[in-house]
Amino acid sequence: MEHQLRREIEIQAHLQHPNILRLYNYFHDARRVYLILEYAPRGELYKELQKSHTLDERRTATIMEELADALTYCHENKVIHRDIKPENLLLGFRGEVKIADFGWSVHTPSLRRKTVCGTLDYLPPEMIEQKTYSEKVDLWCIGVLCYELLVGNPPFESTSYSETYRRILKVDFRIPSSIPLGAQDLISKLLRYQPSERLPLAQILQHPWVRAHSRRVMPPSAQMAS
Numbered sequence: 001m002e003h004q005l006r007r008e009i010e011i012q013a014h015l016q017h018p019n020i021l022r023l024y025n026y027f028h029d030a031r032r033v034y035l036i037l038e039y040a041p042r043g044e045l046y047k048e049l050q051k052s053h054t055l056d057e058r059r060t061a062t063i064m065e066e067l068a069d070a071l072t073y074c075h076e077n078k079v080i081h082r083d084i085k086p087e088n089l090l091l092g093f094r095g096e097v098k099i100a101d102f103g104w105s106v107h108t109p110s111l112r113r114k115t116v117c118g119t120l121d122y123l124p125p126e127m128i129e130q131k132t133y134s135e136k137v138d139l140w141c142i143g144v145l146c147y148e149l150l151v152g153n154p155p156f157e158s159t160s161y162s163e164t165y166r167r168i169l170k171v172d173f174r175i176p177s178s179i180p181l182g183a184q185d186l187i188s189k190l191l192r193y194q195p196s197e198r199l200p201l202a203q204i205l206q207h208p209w210v211r212a213h214s215r216r217v218m219p220p221s222a223q224m225a226s
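Structure, rendered in structure tokens:
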């Protein structure tokens, strides 16, 4: 656990992006490690989702754009998050998403790994099968998240672990007809068994549904930096 915590601190301290929670510093005593983190006043996305059950197109598309941009930055810095889910996404002053909890993430110069981690409902097929995997696991997680935000539950949710595993490996999910066609298209292009077939982050940013509905607002500090 000590090794994992040290890795989390090391990874998060080096990442600076408007949609990634900043880790400013840390200190420790004999019993505890204290992290000095950016304040996210609006709490977890998970709690917002619990209250409203689903999010609308505008909110979901905005989150998709924010995450695709933040993960592009992560992958450029050879970091795979591996555990994108509502509980690990915090909300800033304007409601913007901040990726937090880098406890499962890994800095890997080759961007290829072979350990199992992450959350069951969000696990991609290659991790369940314990195959070597790449940063494309994060694309799968974005697809699962997009589905959950719009539908209200994850696409492979089942009554047992074994059934959830089976459905993930078969990519067995159905999108309700009430979900807009543009969002259906995005989800179906991300939830692909073959990692190489998943829509790249750059194409998520340019996806017609995201472009039409996202209302992303960059914070002043990021605008000045750009």
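1 is the number of the first residue of the sequence shown in this note's numbering; add one for each residue after it.
Ideal placement from N, C-alpha and C gives every residue a C-beta, glycine not left out.
None of these values were measured; they are calculated from a predicted model.
message: Going by beta-carbon coordinates alone, are T62 and S214 separated by less than 8 Å?
response: yes
- prompt: Hey, which unbroken runs of the alpha helix (DSSP H) at 4 residues or more fall wholly within the segment 2–65?
  reply: 2–13 and 45–52
Reduced DSSP category for Y193 - H, G, I as helix; E, B as strand; rest coil: coil
message: Within the continuous alpha helix (DSSP H) that includes L139, where are the two ends?
response: V137 to V151
- request: Starting from L89, follow the beta strand (DSSP E) in both directions and report where the run begins and ends.
  value: L89 to L91
field: Per-residue burial, D138 [other beta carbons within 10 Å of its own, 16 or more giving buried]
entry: buried
message: Does the structure place the segment 15–26 close enough to the segment 34–41 that three or more beta carbon pairs sit under 8 Å?
response: Segment contact: the segment 34–41 against the segment 15–26, three or more CB-CB distances shorter than 8 Å; contact assigned.
task: Consult DSSP for W179 and reduce its assignment to one of helix, strand or coil.
output: Before going further, note that residue 179 is Ile rather than Trp in the sequence given. I179 falls in the coil class under three-state DSSP.
D101 versus R7 - alpha carbon distance: 11 Å
Which residues DSSP lists as bridging V97, in chain order: L91
query: Which residues in the same chain as V210 place their Cβ atom closer than 6 Å to its Cβ, once the five residues preceding and following it in sequence are excluded?
result: A61, M64 and E65
field: Close beta carbons around L120, own chain, < 7 Å, minus the five adjacent residues each side
entry: Y161 and T164
- prompt: In whole angstroms, what separates the C-alpha of I11 from that of V79?
  reply: When rounded, the distance between both Cα atoms is 8 Å.
- request: Kindly give me the distance between the Cβ atoms of L190 and I128, rounded to whole angstroms, as I take these residues to be in contact under 8 Å.
  value: Incorrect: roughly 17 Å between the Cβ atoms, too far for contact.
- prompt: Quick one: what does DSSP say Q206 is sitting in, helix, strand or coil?
  reply: coil
task: Would you kindly check if the distance between the Cβ of N19 and the Cβ of V97 is under 8 Å?
output: In terms of Cβ geometry, V97 and N19 form a close pair [threshold 8 Å].
query: Alpha carbon to alpha carbon, what distance is there between M218 and I168?
result: 35 Å
message: Short of 6 Å in beta carbon distance, which residues of its chain neighbour Y193, apart from the five on each side in sequence? Order them along the chain.
response: P125 and V171
task: Can you tell me the Cβ-Cβ gap for A183 and E57, rounded? I've got them flagged as a contact below 8 Å.
output: Going by Cβ atoms, the distance from A183 to E57 rounds to 7 Å, so yes, they are a contact pair.
message: Report the CB separation of L205 from D69 in whole angstroms; it is logged as a contact under 8 Å.
response: 7 Å
message: Is any non-hydrogen atom of the ligand GDP found closer than 7 Å to the C-beta of L55, if you look at the structure I gave you?
response: Only the bare structure without any ligand can be found here, which leaves the ligand GDP out of the picture.
Within 8 Å, strictly: CB atoms of L15 and L90: Using a Cβ distance threshold of 8 Å, L15 and L90 do not count as a contacting pair.
query: Is H207 closer than 8 Å to L186 when the C-beta atoms are compared?
result: Going by C-beta atoms, L186 is nearer than 8 Å to H207.
- request: Please determine, among N77, L71 and Q130, the residue with the shortest C-alpha to C-alpha distance to A202.
  value: L71
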